[in-house]
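What follows is one structure encoded as structure tokens, with my remarks underneath.
Residue numbers (the working numbering): 162 to 624.
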């Protein structure tokens, strides 16, 4: 199998090209062996709706039971429901078969420790590769059982959410696996829900299930404007990320949503810590401080955010990509469905519209995340050389994850994506002119490394 599928917080690649069913069986056996050595007797297995997921489920199960670990199969579920099952069923860990927001030809595996203690990061993922290469497997005869936790998960979502006013909400799940549960829980909360693309279809016929990309939100925007809805909610392919459109049909970048969530959390927990990733706006940090919180900048990656939150006892965390973690009233799992419930709670308890709730946030001019294709075997060297050059030029560089260069009037970021063969960039300025200047400098310097950024006029920019 292609060693590059062993990434910083999951295993992911093109099925049939980067890995096969036989490889999946080895991955299942390696994960079960590792967790068994930590005391696991059983593991939860879930899957998304991708065409390749049923076959990969069979392979993963074969691998787990051959290591002498039992399997609890929870079926086709959103990743947050799978994570809930790992804790709720008191299992020794688990594997979720999913490629999240990636195109349909991709698939992969998210691997979790017992309970709500987090998911595998780079060292553990690389350990699995070592186990496979060295054939250092455990052996035994495990058994398999099926368990439906839909109702249990639904009750958990409803447990602590209050609703004062009925809202009209549009949900676009991108034909991923989270649409039905999201619509169901919001309707249980008393809201009027309009669903689009909520039927699971692993070919993703309408658009890529990636709410971070503005281009995938066009149908949601149109329906919000047509229906006069209070908000539009998008989910990614496996439901652990959220996207948002306000009542005007304008895209809300998720670092702004994090600021709104932080205000609510800090109101009841003064001085709380909030963890967020390197791509987030400076406005988020400033707003957390203004409302009595402690901002903590972290490297990108849902497992890294979750780990840092546990280390710091932080009550909220998140990423621009849409991962949001609550530890004030929840277990700290990135759950786009629960985030939608918390948003609905905020909206139903105020007379303000969604856009009005954001009106007093600090104003910056920001791009969306811009991805440029770059082979896995090349991208790390590109960013290492770029970072070295920026430092040698005397720039103020934050290198916890790639190269974030700070200027007096904005910042630019170039980093390696840990889920795809691309370089990830984002930019922000106090003014449009500042943004254009920073973007031009990055465009010029990255071009030397073969990274061609699009013309800024082709990029979605939010004021």
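Note that the Cβ used here is the ideal one computed from N, Cα and C, for glycine as well. Treat the numbers as computed from the prediction; the structure is a model and nothing was measured.
- Message: Please report the distance separating the alpha-carbon of residue 236 from that of residue 309.
- Response: In the chain shown, the residue the question calls residue 236 occupies position 75. In the chain shown, the residue the question calls residue 309 occupies position 148. The alpha-carbon atoms of residue 236 and residue 309 are separated by roughly 7 Å.
- Query: Under 8 Å between the Cβ atoms of residue 178 and residue 231?
  - Reply: As a working note, residue 178 is residue 17 in the chain shown. As a working note, residue 231 is residue 70 in the chain shown. A distance of 8 Å or more separates the beta carbons of residue 178 and residue 231.
- Query: Of the choices 226, 552, 468, 330, whose alpha-carbon is the least far from that of residue 141?
  - Reply: Because the chain is modelled from 162 through 624, residue 141 falls outside the range shown and cannot be assessed.
- Query: How is the beta strand (DSSP E) around residue 333 delimited, first residue to last?
  - Reply: Against the chain shown, residue 333 aligns to sequence position 172. Its beta strand (DSSP E) spans residues 329-333.
- Since I believe residue 366 is in contact with residue 397 (beta carbons under 8 Å), could you give me their beta-carbon distance rounded to a whole number of angstroms? As a position in the chain shown, residue 397 is number 236, starting the count at 1. As a position in the chain shown, residue 366 is number 205, starting the count at 1. Distance from residue 397 to residue 366 at the Cβ level is roughly 16 Å; contact not present, criterion being Cβ atoms closer than 8 Å.
- Item | Inter-residue Cα distance where the pair is residue 550 and residue 601 | By one-based count along the chain shown, residue 550 stands at place 389. By one-based count along the chain shown, residue 601 stands at place 440. When rounded, the distance between both Cα atoms is 16 Å.
- Item | Assigned exposure category for residue 428 - 16 Cβ within 10 Å defines buried | Residue numbering aside, residue 428 sits at position 267 when the chain shown is read from its first letter. By the 16-neighbour rule on beta-carbons within 10 angstroms, residue 428 is exposed.
- Identify whether residue 350 lies in helix, strand or coil by the three-state DSSP scheme. Locating residue 350 in the chain shown gives position 189, where the first residue counts as 1. Shown here, residue 350 sits in coil according to DSSP, grouped into three states, outside any helix or strand.
- Task: Give the range of the alpha helix (DSSP H) segment to which residue 283 is assigned.
- Result: Working through the chain shown from its first residue, we reach residue 283 at position 122. Residues 283-294.
- Query: Residues in its own chain within less than 6 Å of residue 207 by CB, not counting five upstream and five downstream?
  - Reply: Against the chain shown, residue 207 aligns to sequence position 46. Excluding residues within five positions, the ones whose Cβ falls inside 6 Å are 235, 238, 243, 257.
- In the DSSP assignment, find the unbroken beta strand (DSSP E) run with residue 236 in it and report its ends. Here residue 236 refers to the residue found at position 75 of the chain shown. Counting along the chain, the beta strand (DSSP E) containing residue 236 begins and ends at 231-237.
- Item | residue 114, DSSP secondary structure in three states | Given that the chain is displayed from residue 162 to residue 624, the structure contains no residue 114 and the question cannot be resolved.
- Query: Touch check for the region 607-614 and the region 389-406: three-plus C-beta pairs under 8 Å?
  - Reply: No: fewer than three Cβ pairs fall under 8 Å.
- Message: With a threshold of 6 Å on Cβ separation, who are the neighbours of residue 624 within its own chain once the five nearest residues in sequence on each side are excluded?
- Response: Within the chain shown, numbered from 1, the residue matching residue 624 stands at position 463. These residues qualify, in order along the chain: 526.
- Message: Using only the alpha-carbon positions, how far apart do residue 389 and residue 408 sit?
- Response: Against the chain shown, residue 389 aligns to sequence position 228. Against the chain shown, residue 408 aligns to sequence position 247. A direct Cα-Cα distance of roughly 7 Å separates residue 389 from residue 408.
- Along the beta strand (DSSP E) that carries residue 628, what are the first and last residues, could you check? Shown here, the chain extends from 162 to 624; a query on residue 628 therefore has no answer.
- Give me whichever residues DSSP pairs with residue 268 in a beta bridge. Within the chain shown, the letter at position 107 stands for residue 268. Under DSSP, residue 268 forms a beta bridge with 174.
- Query: Is there contact between the region 491-509 and the region 323-331, where contact requires at least three CB pairs shorter than 8 Å?
  - Reply: Yes, they touch.
- Message: Measuring straight from C-alpha to C-alpha, what distance separates residue 591 and residue 500?
- Response: For the purposes of this step, residue 591 is taken as residue 430 along the chain shown, with counting starting at 1. For the purposes of this step, residue 500 is taken as residue 339 along the chain shown, with counting starting at 1. When only Cα atoms are considered, residue 591 and residue 500 end up about 29 Å apart.
- Who are the near neighbours of residue 377 in its chain, counting only those whose CB is closer than 6 Å to its CB and skipping five residues on each side? The residue given as residue 377 occupies position 216 in the chain shown. So the qualifying residues of the chain are 368, 369, 371.
- Message: At the level of alpha carbons, what is the spacing between residue 271 and residue 332?
- Response: To locate residue 271, count along the chain shown from 1; it is residue 110. To locate residue 332, count along the chain shown from 1; it is residue 171. Distance between the alpha carbons of residue 271 and residue 332: 25 Å.
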